[in-house]
Amino acid sequence: MSQFISLLIGGLFLGAIYSLVALGFVTVFKATHVINFAQGSVLLLGAFVIGRTHGSLGFWGAVMLGIAAAALVALLIDAVLIRPVRRADLGTLAILTLGVDILLATELTREIGTDVLSVGAPWGSDVVEVAGIRVAESRVIAGGVAAVLVAAFAAVFKFTDWGIAMRSAAEDGETASLMGIRLNRVAAAAWAMAGALAAIGGLFLTSFPAAGVTGGVGLVALAAIPAVVLGGFDSPSGAVVGGLIIGVVSVLTAGYQDELSFLGRGLGSVAPYVVMLLVLLVRPNGLFGTKEVTRV
Amino acid sequence: MSRALVTAAVFVVLAALPIWLESFWLQTALFAMAAMIAAIGLSLLIGIAGQLSLAHAFFVAIGAYGYAYLAGEGVAPLLALLGAVLLAGLAGAAFSPIAGRVRGIYLGLASLGLVFLGQHILQNATGITGGYEGVAVEPFSLFGFSFSNTDPDTLVILGVPYGRLERLWYLGVVLVALAVWYGRNLVRSRPGRALATLRDSEVAAAVMGVDVVRYKAAAFTVSSMYAGLGGVLMALAFGRIVPESFGFVLSVDFLVMVVIGGAGSVGGAAAGALFVTALPLVLNHYSGSLPLLAEPGTGGVGASEFSRFIYGAAIVAVLLFARDGLAGLARRARKERVA
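Protein sequence lines, in the order shown, are assigned to chains B and E.
Residue 72 in my numbering sits at position 72 of the first sequence, with consecutive numbering throughout.
Residue 1074 in my numbering sits at position 74 of the second sequence, with consecutive numbering throughout.
Listed below in structure tokens is the structure:
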């Protein structure tokens, strides 16, 4: 039982990281109707910048720079590439971001090569132990940061002018635009925010117990996609819940790998996708997504 | 009349090519042909039926491993080929409860799950797939003529020894020709038009009497069968298949082929497949004589990276400037010439 509880808690903390990345996906989707496949490589970029500069700038300086770099690149992707074809259909835009992802990921993987960059986090490999449950300190911090960011996100969305602008742009872009809301600015802000969230997610995904920044981290970030689909693509709260579910599922299946050995090795990495397929079978729009209504 | 003449001339040239081509080019061409067949299937699914799929590599894998398993069990190669294609089709049909219900981008993302599930199965079902070590593929044979280096052991045509690659070339050409022919006809047939209506408006299609769920499932099944056939040819070209070859990267590759070629165009998909498959191989082949490219591991831009840069940029450029891909460009060029 205690193993179950400690896995469950470990899963929730991992899930909190996925939630952040997933929240970025949803924000971009709500503001600009783009499924952003480049999120993975933007995440890698953030982690990479932190890994490369923490020696000279100190950890906090490097984190700031990493977040800024990821936000800036995400913003540029939107402003330079997406804006000219804003009205294209979902599939086209998704594939466009896939192309950007290939470019960015190839360059970053080339830069990293076979190295494993440490992000130089001050919490190192410490482990917190409460009532017999051991969790990596970096994961606890990740959980705390994620909780704060999600709460801040919700508050901003709900109460500020900027949040209202964003919600109205998502609801009905044309009307919002007639009301004087500058859609391009909303889009830019959403993309920059998604980039920043990705960088923070990248920081925690690459610090202990993970080995460090490798070329494969971008692929790990793909696990945020089942989280988003699970939650429903247009629901921020769905993204958070989906992220937590994915975290718990992958940690549990990895933890009980021996008992589940009849399902094969390395189950932890596929379990999120299996859960996603099962949920879609029952609820084609995810758990919290808006049901598509067809009007004739 | 002149059209038939051109087609005949193309086939004569294709039939004669193995006499001159070296084994590297034959091998490259075989991979490209395998990719062409599978890409045509995906192009039909995306461009005609309007369903985005990232699971294409999964169905290609089913074709490849299906053939390897069946032929390995002693089933006659032709039956193994048909069985593998059927198997891929069945897998596509099995996915159709999801494909039929889930729309557009959700389908694309849901199908992403299949690729990872497929990788997991390939790595773990060691009895059939051999796990990460992969499995050897029985050579194809037809009426006692083997598409390998034996049986007949020596086959010399115009002084050129015809080995495995030369013989497979003909199989590839025939399969690609069949795939193109069937694809073109499908687009212009009644079901093809029904699918195109479905793509443009599900409501309109349903009103016109198109059974939406059934047609969607059928489109997915046909596209999976194309993938399966491509997989069989790919398995034959490799000679030994490993799970790694059928991962997420391959799925993205197929998507890229279709986008570059122009979704919905059969010829475009074939051209896109040729471009995406041959580019890294050819660059790699000539990397010694291309001053730009660095040796792998030296930190410079290597051949494989350079080709990924090119095709990443190609996707972006195509989507920004020529949304309908190579097929669209060709169409416009033809129009201008007429006008």
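For each residue, glycine too, the CB sits at the ideal point set by N, CA and C.
Query, Result
"Close Cβ partners of ALA271 of chain B (< 6 Å) along its chain, the five nearest in sequence each way excluded", "VAL249, SER250, THR253"
"Alpha carbon of ARG1184 of chain E to alpha carbon of LEU1045 of chain E, nearest angstrom", "13 Å"
"Proximity below 7 Å, CB of ALA1088 of chain E to CB of SER1251 of chain E", "no"
"Check whether ALA1039 of chain E and MET1257 of chain E have beta carbons under 7 Å apart", "yes"
"Contact with chain E by GLY99 of chain B, beta-carbon distance below 7 Å", "yes"
"Min CB distance THR106 of chain B to chain E below 7 Å", "yes"
"ARG1308 of chain E: CB within 6 Å of a non-hydrogen atom of the ligand SAM", "The ligand SAM is not part of the structure shown, which contains no ligands of any sort."
"C-beta neighbour in chain E for VAL229 of chain B, strict 7 Å", "yes"
"Option nearest ARG167 of chain B by Cα separation, candidates B:LEU72, B:ALA79, B:THR27", "B:THR27"
"Per-residue DSSP class, three states only, for ALA1136 of chain E", "strand"
"Closest by C-alpha distance to VAL140 of chain B, when choosing among B:VAL128, B:ALA151, B:LEU149", "B:VAL128"
"For ALA136 of chain B, the residue or residues it bridges with in DSSP", "B:VAL127"
"Where the alpha helix (DSSP H) containing ILE1260 of chain E begins and where it ends", "1248-1261"
"Members of the segment 78-90 of chain B near chain E, C-beta cut-off 9 Å", "LEU81, PRO84, VAL85, ALA88, ASP89, LEU90"
"Residues within the segment 1274-1289 of chain E neighbouring chain B, beta-carbon criterion of under 9 Å", "none"
"GLY1097 of chain E: contacting residues in chain B (beta-carbon distance under 7 Å)", "The question names Gly, but residue 1097 of chain E is Pro in the sequence shown. Those are LEU281, listed as they occur along chain B."
"For GLY1228 of chain E and ILE1062 of chain E, the rounded distance between their alpha carbons", "6 Å"
"Backbone secondary structure at VAL81 of chain B - three-state DSSP", "The sequence as given places Leu at residue 81 of chain B; Val does not occur at that position. Reduced to three states, the DSSP call for LEU81 of chain B is helix."
"Own chain partners of ALA196 of chain B with C-beta closer than 7 Å, once the 5 adjacent residues on each side are dropped", "ILE67, ALA70, ALA71"
"Option nearest VAL1137 of chain E by Cα separation, candidates E:ARG1331, E:LEU1070, E:GLN1119", "E:LEU1070"
"Contacts of VAL270 of chain B in chain E (Cβ-Cβ under 7 Å)", "PHE1116, LEU1117, HIS1120"
"Minimum C-alpha distance to ALA1049 of chain E - residue among E:ASN1124, E:THR1028, E:SER1023, E:PRO1191", "E:PRO1191"
"Cα-Cα separation, GLU111 of chain B to VAL1282 of chain E", "24 Å"
"CB contact below 7 Å: GLY1325 of chain E versus chain B", "no"
"Listed by chain order, chain C residues near PHE1309 of chain E by CB distance under 9 Å", "Any reference to chain C falls outside this structure, whose protein chains are B and E."
"C-beta neighbour in chain B for LEU1319 of chain E, strict 7 Å", "yes"
"Run of the alpha helix (DSSP H) containing SER1223 of chain E, from where it starts to where it stops", "1212-1238"
"Segment contact flag, the segment 1013-1024 of chain E with the segment 1202-1222 of chain E, C-beta cutoff 8 Å, min 3 pairs", "no"
"Residue environment, LEU1078 of chain E, which counts as buried when at least 16 other CB atoms sit within 10 Å", "exposed"
"Cα-Cα separation, ALA1333 of chain E to ALA1327 of chain E", "10 Å"
"Residues bridged to SER269 of chain B (per DSSP)", "Beta-bridge pairing links SER269 of chain B to no other residue."
"ARG52 of chain B at chain E interface by Cβ criterion, 7 Å", "no"
"Simplified DSSP assignment, three categories, for ILE1121 of chain E", "helix"
"Inter-residue CB distance, PHE1309 of chain E and LEU103 of chain B (contact presumed, cutoff 8 Å)", "6 Å"
"Chain B contact for ALA1049 of chain E (CB, 7 Å cutoff)", "no"
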